[in-house]
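The structure under discussion appears below in the form of structure tokens.
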Amino acid sequence: MSSALDALIFATGCAHVILAPYSKVEESFNLHATHDVLMFGVGIDNLHNYDHFTFPGAVPRTFIGSVLLAWLTTPVIRLAARAGFLSTKFDMQVLARLVLASLNAWMLCLIRRGVTQRFGRVTGLFFSFLTCSQFHFPFWMGRTIPNMFATIPVNFATYLLVDRAPNATKPSQTSLVSAISLLTFTAVVFRAEVVLLLGPFALQLLYLGQIPFLKLVKVGMLSGLISLGLTVIVDSFFWDSYPLWPEFSGIYFNVVQGKSSEWGTSPPLTYVTSYLPKLLLGSIPLSVIGMTVDQRIRSLLLPTLGFIGLISSLGHKEWRFIIYVVPIFNIAAARGARWMVSRRKNSLLGRLFFLATAALIAANVAITVLLTKASMGNYPGGEALLALHHLYPPLSVTQPPHIHISNLAAQTGASLFLHLNSAPYYAIPPFNQNQNQWIYNKTENLTPAVLSSSSSPFTHLISETPPSTDSHLVKHWRTVKTIKAFDRFVVNWELLKGRNKADLLWRFGDVLRFEESDKLWILERNE
């Protein structure tokens, strides 16, 4: 049973990668950094080829996660190539994301084993079901945003704190020291907001007398200095700027200068009223029950609630800033589910509790299926660039195309891994260099008039401007293919009002319709 549950967690994360293999703009820094490490290596002579010097972003980000991901992906790429599973650079993107998803899945499996050890086998079972039936964490665990690199050490720290005997009053000193070190490392290197989780956790340890104050300070300072030294050395090298501490740059830009407000601000209770329900789905009511019936859960959740309270004081809010609390709430929810199903089945209340638990998990699955379906159709840029390569096989073109990639396309999947017919190429077969080197251009703010002018070098466009709405596009370009993407779900209310409701379950696709619209156009120059 244990191995089957681990396999379920791994399969869930990997399935989301396979179903939605493209990326969004928020993933681009780490994804392209991984691409550059794989393609160019980390030698100083090749750094000038790295993408971040062309598109640096608002603030620098650490390379540590991307370098480690590239190194871990390298043997997987070689094995896959030897087995004949790789044909393009895009396959490398999928493999890198599968490796990241597997690392996050591994941490979730460790937490599940710790939950089983501390709360029992049934609680561990429900932890697996709740985790796999949710959408956000499994969908994003293979995506290269900084937060999903940070979840790996944070979840390992969670495992160290949970993995103990049922009646143990506190973790071992080794586990406590390791957890503090991991959270400190994560805050210094990957995501500074983790310090808001570390703070309440450290205060709880001091209040309960689980660690001496001087030892806490010593561990925090030592792990902090080592982490700081590591990120400054590594990132100063890759950014060619010394000394550089990326997370401090982010704090200064977003908090001190207040730039984060330019991305929008939200009311103080947004995490509680919007983002937590979105992340947790059916785990919300179950976690309340778990916290009510088990003091151990209350102790586990207390620092998490403190973290949510502290981070709620910041104006700019995003669900990914609190993604770290999802496994902890799922532990609480699993304990609540265990209590619900353990009621006597020969009583009406016991049967209702059992059905309610099953219904919550089923609702999770239904919502996740819908959200996954929507997300699969939400990457028109990746679809467009891949379609362009299918439309123009390398051997069928005499002159190498010069392609302009619009901003929407660049933000919705047109990553460097999809530049299939241009350097760099990976140093093993089947990545043989194409003689016709295509040119991919992401220059922003080019109008249709500029793109269509006689001096423009572009032979093909991936345009977000409808060709029929612009005279320059109508005159100089022809539409080769139109790319659709998800718009919304539309409910057929008339069908719901009809008399024959018995077969609605079998006609679900007619009741809730997946609606798409044209988003991008692949254009070829007429001249």
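As numbered in this note's numbering, residues 775 to 1301 make up the sequence shown, in order.
The beta carbon of each residue, even a glycine, is placed where N, CA and C say it ideally should be.
Nothing here was measured: the structure is a model prediction, and the numbers come from that model.
query, result
"Euclidean distance between Cα positions of valine 1254 and arginine 1262", "26 Å"
"Check whether phenylalanine 975 and leucine 1002 have beta carbons under 8 Å apart", "no"
"8 Å Cβ cutoff met for histidine 822 and phenylalanine 803", "no"
"Contacts around serine 1237, its chain only, beta-carbon distance under 6 Å, and the 5 residues preceding and following it disregarded", "Ser1180, Trp1295 and Leu1297"
"Rounded separation between methionine 881 and serine 1228 - CA only", "56 Å"
"Contact under 8 Å by Cβ, valine 928 with isoleucine 885", "no"
"Own chain residues within Cβ distance below 7 Å of serine 1010, not counting five before or after", "Tyr1016, Pro1017 and Leu1018"
"Span separating the alpha-carbon of arginine 938 from that of leucine 950", "12 Å"
"C-alpha distance - leucine 1314 paired with tryptophan 1212, whole-angstrom precision", "For the chain, the structure presents residues 775 to 1301; residue 1314 sits outside this window and is missing."
"Straight-line Cα distance separating valine 1224 from serine 1230", "7 Å"
"Whether isoleucine 838 touches threonine 1005 by CB criterion (8 Å)", "yes"
"Element boundaries [beta strand (DSSP E), containing threonine 1131]", "Note, threonine 1131: premise wrong, no beta strand (DSSP E); alpha helix (DSSP H) at 1122-1150."
"Within 8 Å, strictly: CB atoms of serine 1149 and alanine 789", "no"
"Which listed residue (Arg887, Pro849, Arg856 and Leu1079) has its alpha carbon closest to that of valine 1314", "The chain is shown from 775 up to 1301; residue 1314 falls before or after that span and cannot be answered."
"The region 964-980 in contact with the region 1019-1029 per 3-pair CB rule at 8 Å", "yes"
"Burial state of glutamine 867 (16 or more Cβ within 10 Å)", "buried"
"Valine 816 to isoleucine 1000 span [Cα, whole Å]", "22 Å"
"DSSP state of phenylalanine 1027 mapped onto helix, strand, coil", "helix"
"Buried versus exposed call for lysine 863 [16 or more other C-beta atoms within 10 Å across all chains shown]", "buried"
"Sufficient close CB pairs (3 or more, under 8 Å) joining the region 1120-1128 to the region 1075-1092", "no"
"Whole alpha helix (DSSP H) elements within the region 1201-1271, 4-residue minimum", "1222-1226, 1245-1250 and 1267-1271"
"Residues bridged to leucine 1286 (per DSSP)", "Val1265"
"Same chain, Cβ closer than 6 Å to phenylalanine 909, five either side skipped, listed in chain order", "Thr1142 and Leu1145"
"DSSP bridge partner residues for arginine 1299 (one or two, in chain order)", "Trp1251"
"Beta-carbon proximity of threonine 1078 to valine 1062, cut-off 8 Å", "no"
"Close beta carbons around valine 811, own chain, < 7 Å, minus the five adjacent residues each side", "Ser840, Val841 and Ala844"
"Cβ distance (whole Å) where tryptophan 1013 is taken to contact proline 834 below 8 Å", "5 Å"
"Inter-residue Cα distance where the pair is alanine 785 and alanine 879", "9 Å"
"Delimiting residues of the alpha helix (DSSP H) encompassing histidine 1164", "1154-1165"
"Residue environment, asparagine 1215, which counts as buried when at least 16 other CB atoms sit within 10 Å", "exposed"
"Extent of the continuous beta strand (DSSP E) run through histidine 809", "No beta strand (DSSP E) contains histidine 809, which is instead part of the alpha helix (DSSP H) from 802-814."
"Expected contact under 8 Å - CB spacing of isoleucine 954 and glycine 994 to nearest Å", "6 Å"
"For isoleucine 926, the first and last residue of its enclosing alpha helix (DSSP H)", "920-936"
"Local conformation of lysine 1293 per DSSP, three classes", "strand"
"Residue from Arg856, Ser1073, Phe814 and His806 whose Cα sits closest to the Cα of tyrosine 717", "In the structure as shown, the chain begins at 775 and stops at 1301. Residue 717 is therefore absent and cannot be evaluated."
"Simplified DSSP state of histidine 1193, which is helix, strand or coil", "coil"
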